[in-house]
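What follows is a set of notes on a single structure, which appears directly below.
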Amino acid sequence: MPDSNRRTITGFSNPTVKFLRSLRNKKHRKLEGKFLVEGLRLLTDAREAGRLPEMLVMATARDPHPLLDTLEEAVTTAGGTIVETSTDILAKITGKDNPQAVTGVFAEFDTGLERVDRTTAPIWLVAQQLRDPGNLGTMLRTGDAVGAGGLILLDASTDPFSVEAVRASMGAVFTQRIAVARWDEFLPWLRSGVGQLVAASLRDARDYREARYTAPCFIMVGNESQGLPEAYESACDLRVTMPMHGRADSLNAAVSAAVLSYEVMYALDR
Numbered sequence: 312m313p314d315s316n317r318r319t320i321t322g323f324s325n326p327t328v329k330f331l332r333s334l335r336n337k338k339h340r341k342l343e344g345k346f347l348v349e350g351l352r353l354l355t356d357a358r359e360a361g362r363l364p365e366m367l368v369m370a371t372a373r374d375p376h377p378l379l380d381t382l383e384e385a386v387t388t389a390g391g392t393i394v395e396t397s398t399d400i401l402a403k404i405t406g407k408d409n410p411q412a413v414t415g416v417f418a419e420f421d422t423g424l425e426r427v428d429r430t431t432a433p434i435w436l437v438a439q440q441l442r443d444p445g446n447l448g449t450m451l452r453t454g455d456a457v458g459a460g461g462l463i464l465l466d467a468s469t470d471p472f473s474v475e476a477v478r479a480s481m482g483a484v485f486t487q488r489i490a491v492a493r494w495d496e497f498l499p500w501l502r503s504g505v506g507q508l509v510a511a512s513l514r515d516a517r518d519y520r521e522a523r524y525t526a527p528c529f530i531m532v533g534n535e536s537q538g539l540p541e542a543y544e545s546a547c548d549l550r551v552t553m554p555m556h557g558r559a560d561s562l563n564a565a566v567s568a569a570v571l572s573y574e575v576m577y578a579l580d581r
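First residue of the sequence shown? That's 312 in the numbering used here, and the numbers climb one at a time after it.
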């Protein structure tokens, strides 16, 4: 790699530092088409999934690690940029007092619904107006665990490329297809091919263990506080509910998606 692709940054006012800090903000992520990934584990997951950062930012006073050496070599071979800087500057970039020793900058993925090939997986997760990045990341992890194809985010959901969502995904952001669409785009797309739309619901629903599922099965959950709009539930092929034996009347959105995903996975395997 040419020397111009390896830099050392020593000043807080360096334009690259300002650029990296800006990626913590959704507006700037969308403007730049980039997002941050913090930590060697997540960056290694990305490499193993076939994705490399365009820029690798490492603390000068870092501990040696063979996985970091492998990652650095891969980024170098791909023509990416290597940046070394102090722990203090890395803390300013990440907004953490004790930042990870390495951070990567990735190009955002194509989230167009038209890029989704429903035939590649028996299960797909769908979330409507999901607000919590932790729930989004958890749903990506669930999708990875059950062999789902990906997560389709409907309407005004939280940003899947926020640092919080990426961290919560534990690397699944790199293994799951992510699509973003409005309901009035998603439903015609779904009905243009095969696919069973299943909602976790309390309205005229049957026990989730007694339902009949068919692949590809699209499992849809709603907003954490309001659930799915009635019109969305009415458009589903199947509405299912999970028994609640305590005082709570509903489960967390990501938990509901996980419980239902495993039931669908086992049902389709039978």
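Think of the CB as a built atom: it goes at the ideal place given N, C-alpha and C, for glycine as much as any other residue. Fair warning: this is a prediction, and the values are worked out from it, not measured in the lab.
Beta carbon of residue i nearer than 9 Å to that of residue j
i, j, result
"LEU441", "LEU464", "yes"
"TYR573", "VAL551", "no"
"THR381", "THR321", "no"
"ALA418", "GLU365", "yes"
"VAL416", "LEU334", "yes"
"MET531", "GLN439", "yes"
"TRP494", "ASP466", "yes"
"GLY448", "ASP356", "no"
"TRP500", "ALA492", "yes"
"LEU363", "ALA389", "yes"
"ARG523", "LEU549", "yes"
"ALA473", "LYS337", "Checking the displayed sequence, the identity of residue 473 turns out to be Ser instead of Ala. Cβ distance < 9 Å, so SER473 and LYS337 count as in contact."
Classification of residue i by the beta-carbon crowding that lies within 10 angstroms, buried from 16 upward
i, result
"ASN409", "exposed"
"TYR577", "exposed"
"SER536", "exposed"
"GLY454", "buried"
"ASN534", "buried"
"GLU521", "exposed"
"THR414", "buried"
First and last residue of the uninterrupted alpha helix (DSSP H) at residue i
i, result
"GLU475", "474-480"
"ALA516", "No alpha helix (DSSP H) holds ALA516; DSSP gives it neither H nor E."
"GLY448", "444-457"
"THR388", "377-388"
"PHE497", "494-502"
"LEU342", "337-343"
"SER545", "541-545"
Secondary structure of residue i, DSSP reduced to three states
i, result
"ARG352", "helix"
"ASP314", "Below a pLDDT of 50, predicted positions are generally treated as unreliable, and ASP314, at 49, falls in that range; the measurement from the model is reported next regardless. If DSSP states are grouped into helix, strand and coil, ASP314 belongs with the helices."
"MET576", "helix"
"PHE323", "coil"
"THR396", "strand"
"VAL570", "helix"
"PHE330", "helix"
"THR414", "strand"
"ALA510", "strand"
"ALA564", "helix"
"LEU306", "Examination of residue 306 is not possible in this model, given that the chain is present from 312 through 581 alone."
Endpoints, beta strand (DSSP E) assigned at residue i
i, result
"PHE485", "Careful: PHE485 lies outside any beta strand (DSSP E) and carries neither H nor E."
"THR552", "549-552"
"LEU462", "461-465"
"ALA438", "434-439"
"MET531", "528-532"
Closer than 8 Å: residue i CB and nearest the ligand NAP heavy atom
i, result
"GLN537", "This structure simply doesn't include the ligand NAP, nor any ligand for that matter."
Can we say the stretch 426-438 touches the stretch 525-534, given the rule of at least three CB pairs closer than 8 Å? yes
Determine contact between the stretch 374-384 and the stretch 440-454, defined as no fewer than three beta-carbon pairs at a distance below 8 Å. no
Stretch-stretch touch, CB-based, cutoff 8 Å, three pairs: the stretch 401-419 with the stretch 326-346: yes
The stretch 381-392 in contact with the stretch 456-463 per 3-pair CB rule at 8 Å: no
Pairs of beta-carbons, one from the stretch 469-479 and one from the stretch 341-361, closer than 8 Å: are there three or more? yes
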